[in-house]
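Enquirer:
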């Protein structure tokens, strides 16, 4: 037997022991891998990655199927606990996904979709609904949630929740951002497709971040977004597209958007402004020309005016 085969056999044995020892729950504490070509199917139970104290890590390169189960990342964690679910080119299917849901302390929960992985949640994803540091990252592959993707809830002082989507497809039934803890939802570059089939909502505790690159930035496409509040934070990756100064950030197909409860971050106010375009269905960022550019425009207008004035004397 090869070393890799022996490792897989040992890993499978450990996983079976974990399942057998946990009545009504599958606990993944320590480092665990579901390797390429492996399929793990679990019953209607809690699937816990880091539970009641120890850190846990589950990297999925094969398949994890728990359609009727709840996947919990760092359930009941503490201040030293870091637990993570990494969908690394594999596929994870579950009914609900909880991360720091009802946990204690200020540990960290990480959910990452990378290397073309596929995370499919049938019902809801509740991330950061409890004390701690919640991080969701997707750079490729796909994330789908049939119901609500809820990021940020009620937590102790120092708690935060963030999600960053920079590639692949991110599709959810509804997107609910923020409650009482600081919550950030970032879209980086133009390589992702972000779709909200229902309502997009955010509270005053929310930061909507958009990093604009040479190809622009992906907009969040929602069915509606009548309840938006918080801060819009803009950044530039390298340089902006040549000749483009208006960028779509959020689009809706029903209802209209409002700037009443949205504000630019203090750092952006000299370089950007926000506007509602396309009959109220688009939130857009507008780049403010630099002073030197404005001066050149002013000189050009002055020259035109003088030329016209001189011509009128003839």
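In the working numbering, the protein residues as written are 46 to 359. Every residue, glycine too, gets a C-beta built ideally from N, C-alpha and C. Since we're looking at a predicted model, the values are computed, not measured.
Reducing DSSP to helix, strand and coil, say where residue 160 ends up.
Expert: Numbered from 1 along the chain shown, position 115 holds the residue referred to as residue 160. Looking at residue 160 - three-state DSSP - the assignment turns out to be coil, as it is neither helix nor strand.
Enquirer: Considering just the uninterrupted stretch of the beta strand (DSSP E) at residue 295, what are its terminal residues?
Expert: Taking the first residue of the chain shown as position 1, residue 295 is located at position 250. 291-297 is the extent of the beta strand (DSSP E) around residue 295.
Enquirer: Would residue 130 be called buried (16 or more neighbouring beta carbons within 10 Å of its own) or exposed?
Expert: As a first step, residue 130 must be located in the chain shown, where it is residue number 85. Burial call: buried.
Enquirer: DSSP three-state call for residue 169: helix, strand or coil?
Expert: Taking the first residue of the chain shown as position 1, residue 169 is located at position 124. In this structure, residue 169 counts as coil in the three-state DSSP scheme.
Enquirer: Within the same chain, show all residues whose beta-carbon is closer than 6 angstroms to that of residue 271, passing over the 5 residues directly before and after it, in chain order.
Expert: Your numbering for residue 271 matches position 226 in the chain shown. The answer, listed in chain order, is 300.
Enquirer: Tell me whether residue 324 sits in a helix, a strand or coil according to DSSP, three-state version.
Expert: As a working mapping, residue 324 is identified with position 279 in the chain shown. Looking at residue 324 - three-state DSSP - the assignment turns out to be helix.
Enquirer: Taking all protein chains shown into account, do 16 or more other C-beta atoms lie within 10 angstroms of the C-beta of residue 176, making it buried, or fewer, making it exposed?
Expert: Here residue 176 refers to the residue found at position 131 when the chain shown is read from its first residue. Counting Cβ neighbours within 10 Å, residue 176 comes out buried, since at least 16 surround it.
Enquirer: Residue 222: which of 249, 290, 262, 101 sits nearest, CA to CA?
Expert: One-based indexing of the chain shown puts residue 222 at position 177. Of 249, 290, 262, 101, the residue nearest in Cα terms is 249.
Enquirer: Nearest CA to the CA of residue 102: which residue from 141, 84, 132?
Expert: For the purposes of this step, residue 102 is identified with residue 57 of the chain shown, where counting begins at 1. Answer by Cα proximity: 132.
Enquirer: Please state whether the Cβ-Cβ distance between residue 168 and residue 189 is less than 9 angstroms.
Expert: Position 123 of the chain shown, counting from 1, holds the residue named residue 168. Position 144 of the chain shown, counting from 1, holds the residue named residue 189. The answer is no: Cβ separation not under 9 angstroms.
Enquirer: State the CB to CB distance for the pair residue 224 and residue 199, rounded to an integer number of angstroms; the pair is presumed to be in contact (CB under 8 angstroms).
Expert: Position 179 of the chain shown, counting from 1, holds the residue named residue 224. Position 154 of the chain shown, counting from 1, holds the residue named residue 199. Indeed they touch by this definition, with Cβ atoms about 6 angstroms apart.
Enquirer: Just reading off the beta strand (DSSP E) that residue 79 is part of, what are its end residues?
Expert: Stepping through the chain shown from its first residue, residue 79 is reached at position 34. That run of the beta strand (DSSP E) goes 75-79.
Enquirer: Leaving aside the five residues before and after residue 276 along the sequence, list all residues of the same chain whose C-beta is less than 8 angstroms from its C-beta, in chain order.
Expert: Working through the chain shown from its first residue, we reach residue 276 at position 231. Around residue 276: 251, 252, 253, 307, 308, 309, 310.
Enquirer: Hey, how far is the Cα of residue 182 from the Cα of residue 100?
Expert: As a working note, residue 182 is residue 137 in the chain shown. As a working note, residue 100 is residue 55 in the chain shown. Answer to the nearest angstrom: the Cα atoms are 19 angstroms apart.
Enquirer: Considering residue 139, what are the terminal residues of the beta strand (DSSP E) in which it resides?
Expert: Working through the chain shown from its first residue, we reach residue 139 at position 94. Per DSSP, residue 139 belongs to the beta strand (DSSP E) from 136-144.
Enquirer: So the candidates are 162, 229, 265; which of them puts its Cα closest to the Cα of residue 239?
Expert: By one-based count along the chain shown, residue 239 stands at place 194. The residue with the shortest Cα to Cα distance from residue 239 is 265.
Enquirer: What is the DSSP secondary structure of residue 305, counted as helix, strand or coil?
Expert: To locate residue 305, count along the chain shown from 1; it is residue 260. In this structure, residue 305 counts as coil in the three-state DSSP scheme.
Enquirer: Assign residue 237 to one of three DSSP states: helix, strand, or coil.
Expert: The sequence position of residue 237 within the chain shown is 192, counting from 1. Residue state, collapsed to three classes: strand.
Enquirer: What residue does the beta strand (DSSP E) around residue 282 start on, and which one ends it?
Expert: Looking up residue 282 in the chain shown gives position 237. Neither: residue 282 is in no beta strand (DSSP E) and is coded neither H nor E.
Enquirer: Can you name, in chain order, every residue of its own chain whose Cβ lies under 6 angstroms from the Cβ of residue 184, other than the five neighbours on each side?
Expert: Here residue 184 refers to the residue found at position 139 of the chain shown. Closer than 6 angstroms at the Cβ level, and outside the excluded window around residue 184, lie 159, 211, 212.
Enquirer: Kindly indicate which three-state DSSP category residue 311 falls into: helix, strand or coil?
Expert: For the purposes of this step, residue 311 is taken as residue 266 along the chain shown, with counting starting at 1. Helix, per DSSP.
Enquirer: Tell me the DSSP bridge mates of residue 85?
Expert: As a working mapping, residue 85 is identified with position 40 in the chain shown. Residue 85 pairs with 109.
Enquirer: Between 304, 313, 312, 316, which has its C-alpha nearest residue 326's C-alpha?
Expert: Reading the chain shown from its first residue, position 281 is the one you call residue 326. Closest option to residue 326, Cα to Cα, is 304.
Enquirer: Which word fits residue 72, buried or exposed, when buried means at least 16 other C-beta atoms lie within 10 angstroms of its C-beta?
Expert: As a first step, residue 72 is located in the chain shown; it is residue number 27 there, counting from the start. The residue in question, residue 72, is buried, as its Cβ has 16 or more Cβ neighbours within 10 Å.
Enquirer: Relative to the C-alpha of residue 110, which residue among 313, 136, 330 is closest?
Expert: As a working mapping, residue 110 is identified with position 65 in the chain shown. The option with the nearest alpha carbon to residue 110 is 136.
Enquirer: Where residue 228 and residue 78 are concerned, what is the direct C-alpha to C-alpha distance, given to the nearest angstrom?
Expert: Start at 1 with the first residue of the chain shown, and residue 228 comes out as number 183. Start at 1 with the first residue of the chain shown, and residue 78 comes out as number 33. For residue 228 and residue 78, the distance between alpha carbons rounds to 30 angstroms.
Enquirer: May I ask you to report which of helix, strand or coil DSSP gives residue 133?
Expert: In the chain shown, the residue the question calls residue 133 occupies position 88. DSSP places residue 133 in strand when its eight states are reduced to three.
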